[in-house]
Amino acid sequence: MAPLAQLFVSPLAAAATAVARPVAAAVEGDVESLEYRGSPQSTSCRPSDVMTRKSWHTLSNKENKAYLDAESAHVSLTEVVHYAGQFLPYHPLSVFAHEEALRRESDRGRLHQLGGAQGYGERCLAKATGLGFWVCVEASPHTAGHAGIGLQMTKPMSSPGNPLFYLHHAYLDMLWTKCRAQNPSLRLTEMGGPDPSTIPNVTRPYEAPVPIIIGGPANVTTLNHVLQMHGLTRDRHIREIINTKGFLCYGYDQ
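Mapping of the sequence shown onto mature numbering (1 follows the signal peptide of the UniProt record, and there is no 0): residues -20 to -1, 1 to 234, in sequence order.
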């Protein structure tokens, strides 16, 4: 089994105060081949193709075991971006790459999510803007989920080593999916937040790749920013993953 490539951590900074709109300029240089020519409202994902991510508490014992058996082979994925505008779009692609690996290398089916919880998820969904939703989700249910599970999940560099990491981030993505469904015409085109940012008290692993921010102007995250996956799956522009009914082709049962 080929080893999974390691992800970098984008550093952590204060929350942004503006929402950026898509930038029309074409992406240049090495990422020219990544140029996105489709639409966030893609119809390539047919209803019959949509894969439903079930809430963990609804799974049978057989489904639970199938996930855990497959997950044991894929606990080496490390850092992901935090406290940056790409926090929300990066994690679905990271989880998608992990889900692809589960199917490709272990043939164990789909990923699931830790649904069923109340509280801050609904509070975040009540925020007036997508930027406000991001700040709420990352600061509250995201942080609380890591801290509540504890141990390995409290370590930014190695929390993906706990299989619950992917279930937790699939749950956060479920909340973001709900947020986008509230106002698709707006939520599928708005993007903002700092890029890059800095995470305090975290040391980059020796020889880990340094993130190169590609796409969009200045230090504001836009739909033209490239989500770098370092070989786990193909790099994508944020605009390519903003709609789960595009190439990602998944949905949730809640």
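Every residue gets a Cβ at the ideal spot worked out from N, C-alpha and C, and that includes glycine.
In its chain, beyond the 5 residues on either side, L94, M133, H148, Y151, L152 have a beta carbon closer than 8 Å to the beta carbon of G125. DSSP, reduced to helix, strand and coil, places M137 outside both helices and strands of the structure shown, so it counts as coil.
Counting C-beta atoms within 10 angstroms of its own C-beta, T38 has fewer than 16 neighbours from the protein chains shown and is therefore classed as exposed. With distances taken between CA atoms, E170 lies nearest to R219 out of S28, D215, R219. Comparing alpha-carbon positions, the option among Y232, N199, P174, I129 lying closest to F67 turns out to be P174.
In this structure, R33 lies near Y230, with their beta-carbon atoms less than 8 Å apart. Within the same chain, and ignoring the five residues on either side of T213 in sequence, the residues whose Cβ sits closer than 8 Å to its Cβ are L73, F76, A77, E80.
Of the residues assessed, N204 falls on the buried side of the cut-off, its CB having 16 or more other CB atoms within 10 angstroms.
Judged by DSSP in its simplified three-state form, L166 adopts helix. With 16 or more other Cβ atoms inside 10 Å of its own Cβ, S35 counts as buried.
Under DSSP, T32 takes part in a beta bridge, and its partners are G231.
Secondary structure note for I129: its alpha helix (DSSP H) is the uninterrupted segment 123 to 129.
For N223 and S40, the gap between their C-alpha atoms comes out near 29 Å.
Each of N142, F113, Y47, N163 was checked against the Cα of A127, and the nearest Cα belongs to N142.
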